[in-house]
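0 is the number of the first residue of the sequence shown in numbering that gives the first Met the number 0; add one for each residue after it. Every residue gets a Cβ at the ideal spot worked out from N, C-alpha and C, and that includes glycine. Since the structure is predicted, the reported quantities are computational estimates derived from the model, not experimental observations. Data block below; observations after.
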Amino acid sequence: MEENEINQVAMVLIANSGDARSKFMEAIALAKNRYFDQAQDKFDEGKASLRLAHQAQTDLLTQEAGGERVALSLLLLHAQDHLMNAMTVRDFAQELIDLYQRLA
0 MEENEINQVA MVLIANSGDA RSKFMEAIAL AKNRYFDQAQ DKFDEGKASL
50 RLAHQAQTDL LTQEAGGERV ALSLLLLHAQ DHLMNAMTVR DFAQELIDLY
100 QRLA
């Protein structure tokens with residue numbers, strides 16, 4: 000896989016992971032203010048963005064598993080970090096939304 004292709008995938012990962020993280024944080028804020036339906040909608044939007052990011056990662060892993068070399072770069076590492084961060088925020092967002100609903 001060419002370097003520019005890897006960089007494009009990394010940017011897709013960064014953009015979608017960042018969007019997902021932002022949506023999850025918005026969902027937490029909405030739930031905190033007792034807007035639970037809107038919080039769930041925002042959380043679902045975040046999950047959709049996270050799916051796009053995860054698909055980009057899966058495509059890279061599939062290519063590498065198929066024998067194609069995927070060169071590691073700082074940008075790709077940064078993209079992976081964004082993805083893992085978004086996944087962690089997703090998990091905590093779900094817990095916080097559930098907690099806010101119980102306390103309401």
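Applying the criterion that 16 or more other CB atoms from any shown protein chain within 10 Å of the CB defines a buried residue, is residue i buried or exposed?
i           : result
arginine 20 : buried
arginine 89 : buried
alanine 30  : buried
Counting only the same chain and skipping the five closest in sequence on each side, list residues whose C-beta sits under 6 Å from that of residue i.
i                : result
alanine 9        : Leu74, Leu75 and Ala78
isoleucine 27    : Ala92 and Leu95
alanine 55       : Val8, Val11 and Leu12
phenylalanine 23 : Gly45, Val88, Arg89 and Ala92
asparagine 15    : Ser48, Leu51 and Ala52
glutamate 67     : Met0
Could you work out which residue in the options is closest to residue i when comparing CA atoms only?
i            : options                       : result
threonine 57 : Glu2, Leu82 and Phe42         : Leu82
arginine 50  : Glu63, Ala64, Ala30 and Ala85 : Ala85
glutamate 1  : Gln62, Ser16 and Arg101       : Gln62
aspartate 80 : Asn32, Gly17 and Leu98        : Gly17
For chain B, is any of its Cβ atoms less than 7 Å away from the one on residue i?
i            : result
glutamate 44 : The structure shown has no chain B; it contains just one protein chain.
In chain order, what residues of the same chain lie with their CB nearer than 7 Å to the CB of residue i, ignoring the 5 residues before and after it?
i          : result
leucine 59 : Val8 and Val69
Handout entry: Cβ contact check for the stretch 33-40 and the stretch 57-73: 3 or more pairs under 8 Å
Key = Taking 8 Å as the limit for Cβ pairs, the verdict is that the stretch 57-73 does not touch the stretch 33-40.
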